[in-house]
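Contents: one structure, followed by commentary.
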Amino acid sequence: MEILLAIITGVLYASGIYMIMRRSMVKLILGIILLGNGVNLLIFVLGRITKGEPPIIDSAEKVLEGVYADPIPQALILTAIVISFGLQAFAIILMKRTFKVLKTDDLDQLNTTDEDS
Numbered sequence: 018m019e020i021l022l023a024i025i026t027g028v029l030y031a032s033g034i035y036m037i038m039r040r041s042m043v044k045l046i047l048g049i050i051l052l053g054n055g056v057n058l059l060i061f062v063l064g065r066i067t068k069g070e071p072p073i074i075d076s077a078e079k080v081l082e083g084v085y086a087d088p089i090p091q092a093l094i095l096t097a098i099v100i101s102f103g104l105q106a107f108a109i110i111l112m113k114r115t116f117k118v119l120k121t122d123d124l125d126q127l128n129t130t131d132e133d134s
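Per the numbering used here, the very first residue in the sequence shown carries number 18; after that it's consecutive.
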């Protein structure tokens with residue numbers, strides 16, 4: 018299972034970087050989304066996949082015993098999802114405004130438009 022997730026992570030990284038290197042702003046945003054999902058999956062894989070109980074200590078016990086799921090990677094991934102959602106929303110609004118003003122989403126044309134001003 019971990020090998021399959023590692024391969025999927027690599028595919029997400031590769032496709033995300035490929036999309037970031039394209040000329041369109043829409044493809045740039047899609048590449049950022051794919052790269053963010055690849056990072057989230059990488060954190061999940063690095064946290065090791067274990068089938069265990071939730072890490073809750075009973076009131077009668079003083080120490081957690083047995084196999085339990087590590088909550089730290091889950092908390093990191095949840096935080097990363099929230100941050101990436103905010104970044105994606107900001108980028109989409111910024112792209113929409115840029116397209117409305119300049120009537121193009123080609124990054125090369127945006128660079129030449131900047132020099133003409």
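Don't be surprised by glycine CBs; every beta carbon is placed ideally from N, CA and C.
Simplified DSSP assignment, three categories, for residue i
i, result
"residue 125", "helix"
"residue 41", "strand"
"residue 19", "helix"
Within-7 Å CB hit, residue i to chain C
i, result
"residue 86", "Note that chain C does not occur in the displayed structure, where there is just one protein chain."
Contact under 7 Å by Cβ, residue i with residue j
i, j, result
"residue 37", "residue 48", "yes"
"residue 61", "residue 94", "yes"
"residue 33", "residue 51", "yes"
"residue 40", "residue 124", "yes"
Alpha carbon of residue i to alpha carbon of residue j, nearest angstrom
i, j, result
"residue 115", "residue 126", "12 Å"
"residue 70", "residue 91", "14 Å"
"residue 43", "residue 105", "11 Å"
"residue 122", "residue 31", "23 Å"
"residue 108", "residue 78", "49 Å"
"residue 96", "residue 110", "22 Å"
Same chain, Cβ closer than 8 Å to residue i, neighbours up to 5 away in sequence not counted
i, result
"residue 72", "81, 85, 86, 87 and 88"
Proximal residues to residue i (C-beta, below 7 Å), its chain only, five neighbours per side dropped
i, result
"residue 18", "66"
"residue 58", "22, 25, 26 and 29"
Other residues of its chain near residue i: CB distance less than 6 Å, five sequence neighbours each side excluded
i, result
"residue 74", "81"
"residue 53", "101"
"residue 112", "42"
"residue 64", "87 and 90"
"residue 68", "none"
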